[in-house]
Structure formats: structure tokens, C-alpha cells
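K.L.:
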Amino acid sequence: AQSVTQLDSHVSVSEGTPVLLRCNYSSSYSPSLFWYVQHPNKGLQLLLKYTSAATLVKGINGFEAEFKKSETSFHLTKPSAHMSDAAEYFCVVTRMDSSYKLIFGSGTRLLVRP
Amino acid sequence: GAGVSQSPSNKVTEKGKDVELRCDPISGHTALYWYRQRLGQGLEFLIYFQGNSAPDKSGLPSDRFSAERTGESVSTLTIQRTQQEDSAVYLCASSFVVAYQETQYFGPGTRLLVL
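Order-wise, the sequence lines are chains A and B. Numbered per our numbering, the first sequence spans residues 32 to 145. Numbered per our numbering, the second sequence spans residues 122 to 236.
1) Would the region 53-68 of chain A count as touching the region 98-109 of chain A if we require 3 or more Cβ pairs under 8 angstroms?
2) Report the three-state DSSP secondary structure of A:D116 (helix, strand or coil).
3) Where A:Y131 and A:L79 are concerned, what is the direct C-alpha to C-alpha distance, given to the nearest angstrom?
4) A:F105 lies in the beta strand (DSSP E); which residues open and close that run?
5) Please report the Cβ distance between B:G163 and A:G136, rounded to the nearest whole angstrom; I am assuming they are in contact, meaning their Cβ atoms lie under 8 angstroms.
6) In terms of DSSP beta bridges, what is A:V35 paired with?
7) Just the C-alpha distance for A:A117 and B:F170, rounded to the nearest angstrom, thanks.
8) If you draw a straight line from the alpha carbon of B:E206 to that of B:V235, how long is it in whole angstroms?
9) Pick out whichever of B:S183, B:D177, B:D184 and B:R202 has its Cα sitting closest to the Cα of B:R190.
10) In terms of residue numbering, what span does the beta strand (DSSP E) encompassing B:A209 cover?
11) Taking C-beta pairs closer than 8 angstroms, name the residues in chain A that B:L212 reaches, listed in chain order.
12) Take B:T224 as the anchor and find which of A:T108, A:L64 and A:V42 has the nearest alpha-carbon.
13) Can you confirm whether A:F105, when its beta carbon is compared against all beta carbons of chain B, has any partner nearer than 8 angstroms?
14) Find the residues of chain B that neighbour A:F121, judging by a C-beta separation of less than 9 angstroms, and give them in chain order.
This is the structure we're talking about:
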């Protein structure tokens with residue numbers, strides 16, 4: 032079965048320092064992987080997605096993620112955190128039998144200190 | 122509108138009452154999804170509509186939950202005889218499938234509290 036594990040429930044960084052949000056997936060096939068961001072009282076917004084093209088995926092707001100099949104990882108990074116990046120981030124994988132069924136990780140809350 | 126909209130944004134109800142949640146997808150999107158997000162957790166898939174095909178209801182947690190969609194427009198999620206464990210944020214998403222790659226666009230959600 033497919034699944035995703037977000038290794039940290041909370042990550043705290045200082046403004047201007049790098050961000051690393053970790054995600055490991057479990058899948059017996061080549062999955063599609065996504066990162067979504069959820070700001071308070073707002074809908075989920077797609078940051079980026081991997082669909083078996085380039086392994087380094089660039090998204091919005093300066094975020095990027097690298098698909099590493101050998102490590103079954105899809106970590107989200109950003110070189111320099113901004114206060115507006117504070118939000119909940121979800122790593123998501125699609126199911127093999129139904130590509131429309133998204134399987135969400137439990138989320139990582141990013142805190143950005145001034 | 123420009124995005125997926127949902128109403129109401131918040132709903133407080135008493136245990137045992139029925140509630141109806143509404144979703145307006147992005148115009149032209151053929152697929153519509155409902156998810157549930159419990160506090161501190163990721164989203165759980167509930168139901169999927171695609172055009173005129175039979176909906177995939179495999180994620181509905183019990184027969185108290187049902188959803189309808191008229192054509193490729195508005196959808197309503199109904200929860201009958203609500204229970205306290207139904208308290209959650211209910212999110213709707215829509216998408217337009219292009220070359221088997223689709224991006225789901227989410228609404229802001231309806232926060233349901235069952236007392």
C-alpha cells in the first residue's frame with residue numbers, strides 16, 4: 032500500500048535561514064508526489080508536484096523538492112525562510128489503483144521566528 | 122469565481138441533527154472531491170465525482186454520509202444524525218484532467234463542530 036511519512040510534526044526556523052521539511056514515501060510503483068501548503072483559514076495550495084519527469088522539482092514561492100528513489104524521499108526545501116512561509120505543509124502521494132485518490136501525510140507545521 | 126468555494130465556512134450543530142455542506146467547483150472542472158480533515162491530521166478521501174460516471178464512494182465512513190453532484194456543477198455533502206466524531210474540516214477540491222496529470226484545487230473548507 033502507498034503511504035507517506037512526514038518525519039517532523041513541527042519545524043522552527045529563523046527568518047532568512049534554510050527550510051527542510053522531510054517526507055518519505057512507500058510505494059511499489061513510481062508514484063506522483065506533491066507538496067501542499069495550508070495557511071490558517073485558507074484552502075490548500077499546491078506548491079509543487081513530481082510526475083516522473085525531472086527529479087528536482089521547482090515550485091512556487093522559492094520552494095523545491097528532490098525525488099530520490101533510492102532513499103524513497105521527497106524532502107521540501109527553501110534556501111531562505113520568510114515570515115509568510117509559516118503554515119502547515121503536507122506531503123502527498125497518489126494511489127496506484129486510483130490516481131485521483133490522494134494520500135496525505137500528517138503534516139508539518141512550519142514556524143518562522145523573526 | 123476564480124477558485125473553489127464552500128459554504129458555510131463554519132457550522133455548529135447538535136448531535137443527532139442533519140447538516141448539508143456545499144461546494145462550488147471551478148468552472149469547467151469535471152472532477153470533484155470531498156475530503157475530511159480531523160484536527161492535527163492529514164486529509165482523508167471521502168468521495169469522487171467525474172463527469173457523468175458513477176461516483177467513487179469508497180471513502181465515506183458510514184451510511185450517514187452521502188453526497189450529490191448535479192452535472193459538473195455544485196455538490197452537496199450531507200451528514201445525517203451527526204455524531205461528535207464527525208467534527209472536522211470538510212474540504213472540497215476540483216480538477217480538470219489533462220493528459221492523465223491532474224492538479225486538485227482546494228476550497229477553504231467548512232469547519233463542522235458537533236456538540
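Note that beta-carbon positions come from the ideal geometry of N, C-alpha and C, so glycine has one too.
P.N.:
Let me lay it out:
1) yes
2) Working through the first sequence from its first residue, we reach residue 116 of chain A at position 85. Here A:D116 sits in helix by DSSP.
3) Here residue 131 of chain A is taken as the residue at index 100 of the first sequence, counted from 1. Here residue 79 of chain A is taken as the residue at index 48 of the first sequence, counted from 1. If you take the alpha carbons of A:Y131 and A:L79, they lie about 16 angstroms apart.
4) Taking the first residue of the first sequence as position 1, residue 105 of chain A is located at position 74. Its beta strand (DSSP E) spans residues S104 to K109.
5) As a working mapping, residue 163 of chain B is identified with position 42 in the second sequence. As a working mapping, residue 136 of chain A is identified with position 105 in the first sequence. The Cβ separation is near 5 angstroms, so the contact holds.
6) Within the first sequence, residue 35 of chain A is the residue found at index 4, counting from 1. Note: A:V35 sits in a beta bridge opposite A:Y56.
7) For the purposes of this step, residue 117 of chain A is taken as residue 86 along the first sequence, with counting starting at 1. For the purposes of this step, residue 170 of chain B is taken as residue 49 along the second sequence, with counting starting at 1. Using only the alpha carbons, I get a separation of about 33 angstroms.
8) Mapped onto the second sequence, residue 206 of chain B falls at position 85. Mapped onto the second sequence, residue 235 of chain B falls at position 114. The alpha-carbon atoms of B:E206 and B:V235 are separated by roughly 8 angstroms.
9) Within the second sequence, the letter at position 69 stands for residue 190 of chain B. Checked all of B:S183, B:D177, B:D184 and B:R202; the closest Cα to B:R190 is B:D177.
10) Translated into positions along the second sequence, residue 209 of chain B becomes position 88. First-last of the beta strand (DSSP E) with B:A209: A209 to S216.
11) As a first step, residue 212 of chain B must be located in the second sequence, where it is residue number 91. Here the neighbours are G74 and L75.
12) Along the second sequence, one-based indexing puts residue 224 of chain B at 103. Of the listed residues, the one whose Cα sits closest to B:T224 is A:L64.
13) Your numbering for residue 105 of chain A matches position 74 in the first sequence. No - not a single Cβ of chain B is within 8 angstroms of the one on A:F105.
14) The residue labelled residue 121 of chain A in the question sits at position 90 within the first sequence. Near A:F121 (Cβ distances below 9 angstroms), the residues of chain B are G163 and L164.
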